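Protein chains in written order, with full-length UniProt numbering: chain A, 1 to 452; chain B, 1 to 298.
Below, the structure written as structure tokens:
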């Protein structure tokens with residue numbers, strides 16, 4: 001009997017050990033959304049915020065100190081703990097957390113961090129997962145007044161403000177090395193043909209790996225410069241573009257192919273973003289298309305990234321030929337709050353939004369990453385400081401009342417096409433394996449496959 | 001089964017319940033972590049599902065779309081090519097190494113270490129290492145070639161038709177599992193069999209060709225199964241190097257599966273998963289038949 005009992009015990013123990021071994025054991029980590037706050041007892045509310053604006057991400061330069069400033073300002077009341085997530089994995093993580101109903105309180109808006117609009121609409125909006133910020137907006141008019149009207153309008157769905165709208169627009173242009181490329185007039189004042197002629201043998205820092213960001217930006221400018229191109233892009237932001245065989249796209253791709261074959265830096269094939277940036281900051285390329293956030297790479301503090309005699313002094317910023325800048329205010333803002341968050345977490349999140357959209361923080365953001373805050377009356381101190389940053393002030397000055405803002409090609413592509421397929425096809429366009437028509441046809445095929 | 005049961009003793013019959021009891025943990029784990037996901041994959045592969053909202057039954061549409069997709073057909077073609085390479089060159093290399101180590105020539109211990117060490121490095125790490133090796137600017141390969149041909153420039157992972165072979169290089173030499181399985185069988189070959197062959201005047205080649213190789217048939221078959229099924233599931237080596245490009249040159253089914261998930265097409269992704277599952281079963285059956293793995297060797 002004893003032996004029998006011992007046998008049963010052994011089997012039960014074995015089963016328990018195996019099963020508990022698979023369950024992950026005890027963890028003291030508080031899951032996002034669980035709300036490890038102690039507000040009721042008057043203690044500090046703490047929240048973990050998974051974000052890609054950390055580590056090596058260019059956005060971290062402003063964002064992490066901003067969170068630090070917030071934590072300092074509200075020491076003892078609120079505290080945000082940053083959880084660093086690589087940008088390429090952020091969307092996947094959020095999608096998984098959404099499936100498990102464990103979303104963090106603050107989530108990056110679609111269009112950033114790889115979160116696609118399609119998912120946001122069919123999962124988050126369709127299931128009412130985003131917290132309505134209308135009350136917060138009405139209670140904080142000083143914050144609301146800083147939000148861009150177009151963005152606020154777009155973020156209002158069925159009468160609910162489901163995302164924190166944008167207060168700063170960061171138009172994307174280009175940078176060129178003024179010791180290599182010496183245009184007779186500002187690039188924005190040129191027609192596309194003039195620009196193509198002016199570049200001569202100068203090289204572009206293209207990308208053909210990852211999402212081919214820098215190449216996609218130039219393609220956007222090329223499409224925008226086609227007859228009706230800007231409107232064409234704008235009309236597909238919401239529902240995505242699944243057919244790339246339109247003459248405007250084919251024509252822009254033809255120009256891109258010529259540039260890839262005659263004006264691409266030597267490392268273009270297989271170049272990831274780091275390779276493209278390196279080509280520009282080592283004088284292997286004279287022009288790179290990128291946003292204002294790259295400006296910090298041209299500060300003296302980033303001199304360790306420079307080589308081959310490159311200096312930040314040689315860089316001039318401008319927008320695209322035809323007076324185009326890439327910016328799209330009709331997006332779901334910056335962040336949204338998950339409805340599953342606890343009341344304390346929501347309180348903290350709203351406090352952070354109010355802090356981030358305060359005049360001081362907006363000005364600090366524009367000084368660090370560039371851009372414009374159209375609803376803000378800048379302080380004199382800000383204007384003085386902005387004038388000191390040559391590159392950002394150049395970019396700001398390059399935009400005037402005639403500047404046209406266009407949505408990016410990445411805004412209209414389905415997620416997998418924007419993230420990988422576009423970049424994967426570019427080497428074949430560059431080496432001539434694909435004609436522009438074939439390239440567009442294959443892009444269409446990829447987009448069709450991505451369609452639900 | 002009935003006959004077997006009737007032949008068993010009372011003591012053996014009493015022990016059955018203990019056998020089943022000890023099997024219970026494994027059975028539970030299989031049901032929870034394997035069978036239920038497999039059933040979910042099968043069921044949802046016939047649906048349109050975004051991974052969050054309720055799946056909608058659409059019959060065979062996912063499978064029809066799959067077999068009409070050029071990317072999928074290219075992936076199948078790539079899989080076929082990689083399977084042939086795996087079953088011949090990859091397994092062949094592993095078997096050769098097993099015979100070399102079995103023969104214990106001078107320096108065999110050193111060879112064994114050199115051969116085994118790279119195999120403990122993960123596939124993902126190898127992918128990154130090869131990305132550097134094959135880099136046009138700073139890669140060791142092109143720098144070596146440029147000593148003889150200064151104008152040589154090829155981005156192995158990003159140009160056709162090199163990308164396919166560059167990806168192949170990230171796994172082809174790492175056949176330690178095949179080597180270990182075959183070596184194990186070689187060491188189990190009865191000494192009398194070898195002796196008898198030698199007495200009959202068999203040369204070393206004849207001994208290898210007609211005695212040792214046939215006696216390792218099951219191990220080689222196992223190696224082929226492992227090798228080909230690894231190719232069906234191969235993901236890191238491609239994602240971290242070419243991401244399936246240039247174009248679709250190095251595309252495979254797991255990549256389509258992951259892309260489908262990022263496009264919120266979970267039903268379609270699961271149809272891909274089902275195809276991988278069925279391909280695995282077909283490979284298993286085909287190799288079993290080819291290598292007569294269910295027949296006794298001795």
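Every residue, glycine too, gets a C-beta built ideally from N, C-alpha and C. Quick caveat: nothing in here was measured; it's all calculated off a predicted structure.
Beta-carbon neighbours of residue i, restricted to chain B and to distances below 8 Å
{"i": "residue 419 of chain A", "result": "262"}
{"i": "residue 119 of chain A", "result": "50, 264"}
{"i": "residue 425 of chain A", "result": "245, 246, 247"}
{"i": "residue 165 of chain A", "result": "Those within 8 Å of residue 165 of chain A in chain B number zero; the least Cβ separation is about 25 Å."}
{"i": "residue 442 of chain A", "result": "247"}
{"i": "residue 257 of chain A", "result": "The premise fails here: residue 257 of chain A is roughly 14 Å from chain B at the closest Cβ pair, so nothing lies under 8 Å."}
Buried or exposed (CB count within 10 angstroms, at least 16 for buried), residue i
{"i": "residue 306 of chain A", "result": "buried"}
{"i": "residue 51 of chain B", "result": "buried"}
{"i": "residue 35 of chain A", "result": "Its pLDDT being 40, under 50, residue 35 of chain A is placed unreliably by the model, and the measurement read from it follows with that caveat. That one is buried."}
{"i": "residue 309 of chain A", "result": "exposed"}
{"i": "residue 89 of chain A", "result": "exposed"}
{"i": "residue 276 of chain B", "result": "buried"}
{"i": "residue 31 of chain A", "result": "For residue 31 of chain A, the pLDDT reaches just 42, beneath the cut-off of 50, and the residue's location in the model is therefore unreliable, although a value from the coordinates is still provided. So residue 31 of chain A ends up on the exposed side."}
{"i": "residue 397 of chain A", "result": "exposed"}
{"i": "residue 231 of chain B", "result": "buried"}
{"i": "residue 226 of chain A", "result": "buried"}
{"i": "residue 22 of chain A", "result": "The predicted model places residue 22 of chain A with a pLDDT of 35, which falls under 50 and marks its position as unreliable, so this point remains unresolved."}
{"i": "residue 171 of chain A", "result": "buried"}
Pair within 7 Å by beta-carbon distance, residue i and residue j
{"i": "residue 195 of chain A", "j": "residue 321 of chain A", "result": "yes"}
{"i": "residue 283 of chain B", "j": "residue 255 of chain B", "result": "no"}
{"i": "residue 110 of chain A", "j": "residue 240 of chain A", "result": "no"}
{"i": "residue 101 of chain B", "j": "residue 27 of chain B", "result": "no"}
{"i": "residue 279 of chain A", "j": "residue 338 of chain A", "result": "no"}
{"i": "residue 71 of chain B", "j": "residue 157 of chain B", "result": "no"}
{"i": "residue 365 of chain A", "j": "residue 45 of chain A", "result": "no"}
{"i": "residue 245 of chain A", "j": "residue 440 of chain A", "result": "yes"}
{"i": "residue 122 of chain A", "j": "residue 262 of chain B", "result": "no"}
{"i": "residue 134 of chain B", "j": "residue 145 of chain B", "result": "no"}
{"i": "residue 81 of chain A", "j": "residue 51 of chain A", "result": "no"}
{"i": "residue 169 of chain A", "j": "residue 315 of chain A", "result": "no"}
{"i": "residue 501 of chain A", "j": "residue 174 of chain A", "result": "The question about residue 501 of chain A has no answer here: the residues shown for chain A are numbered 1 through 452."}
{"i": "residue 323 of chain A", "j": "residue 402 of chain A", "result": "yes"}
{"i": "residue 136 of chain B", "j": "residue 155 of chain B", "result": "yes"}
{"i": "residue 411 of chain A", "j": "residue 157 of chain A", "result": "no"}
Reference residue i, options the options, closest by Cα
{"i": "residue 221 of chain A", "options": "A/203, A/235, A/188", "result": "A/188"}
{"i": "residue 274 of chain B", "options": "B/45, B/15, B/33, B/11", "result": "B/45"}
{"i": "residue 103 of chain B", "options": "B/162, B/150, B/194", "result": "B/194"}
{"i": "residue 438 of chain A", "options": "B/277, B/247, B/179", "result": "B/247"}
{"i": "residue 425 of chain A", "options": "A/44, A/375, A/260", "result": "A/260"}
{"i": "residue 252 of chain A", "options": "A/139, A/242, A/224", "result": "A/224"}
{"i": "residue 356 of chain A", "options": "A/286, A/159, A/166", "result": "A/166"}
{"i": "residue 234 of chain B", "options": "B/225, B/203, B/253", "result": "B/253"}
{"i": "residue 186 of chain A", "options": "A/445, A/364, A/394, A/380", "result": "A/394"}
{"i": "residue 210 of chain B", "options": "B/221, B/29, B/218, B/197", "result": "B/197"}
{"i": "residue 93 of chain B", "options": "B/163, B/245, B/29, B/172", "result": "B/172"}
{"i": "residue 228 of chain B", "options": "B/68, B/85, B/56", "result": "B/85"}
{"i": "residue 291 of chain B", "options": "B/225, B/280, B/20", "result": "B/225"}
{"i": "residue 375 of chain A", "options": "A/420, A/51, A/329", "result": "A/329"}
{"i": "residue 98 of chain A", "options": "B/267, B/163, B/53, B/186", "result": "B/53"}
{"i": "residue 213 of chain B", "options": "B/31, B/96, B/42", "result": "B/96"}
Any non-hydrogen atom of the ligand SAM closer than 6 Å to residue i Cβ
{"i": "residue 258 of chain A", "result": "Here there are no bound small molecules, and the ligand SAM is not part of this structure."}
Per-residue contacts from residue i into chain B (C-beta, under 7 Å)
{"i": "residue 208 of chain A", "result": "158"}
{"i": "residue 449 of chain A", "result": "69, 71"}
{"i": "residue 433 of chain A", "result": "160"}
{"i": "residue 98 of chain A", "result": "52"}
Chain-ordered neighbours of residue i on chain A, where CB pairs are closer than 7 Å
{"i": "residue 155 of chain B", "result": "269, 270"}
Beta-carbon proximity list for residue i, same chain, < 8 Å, skipping 5 on both sides
{"i": "residue 273 of chain A", "result": "207, 210, 213, 214"}
{"i": "residue 25 of chain A", "result": "Only weak support is given to the placement of residue 25 of chain A: the predicted model assigns it a pLDDT of 35, under 50, and the question is left unresolved by the model."}
{"i": "residue 167 of chain B", "result": "157, 237, 238, 241, 242, 250"}
Chain-ordered neighbours of residue i on chain A, where CB pairs are closer than 9 Å
{"i": "residue 137 of chain B", "result": "266, 267, 275"}
{"i": "residue 53 of chain B", "result": "122, 123, 126, 127"}
{"i": "residue 143 of chain B", "result": "The contacting residues do not exist; residue 143 of chain B stays about 14 Å from chain A at best."}
6 Å Cβ shell around residue i - same chain, five flanking residues per side excluded
{"i": "residue 63 of chain B", "result": "271"}
{"i": "residue 353 of chain A", "result": "164"}
{"i": "residue 281 of chain A", "result": "305, 306, 310"}
Under 9 Å from the C-beta of residue i: neighbouring residues of chain B
{"i": "residue 414 of chain A", "result": "263"}
{"i": "residue 445 of chain A", "result": "69, 70, 71"}
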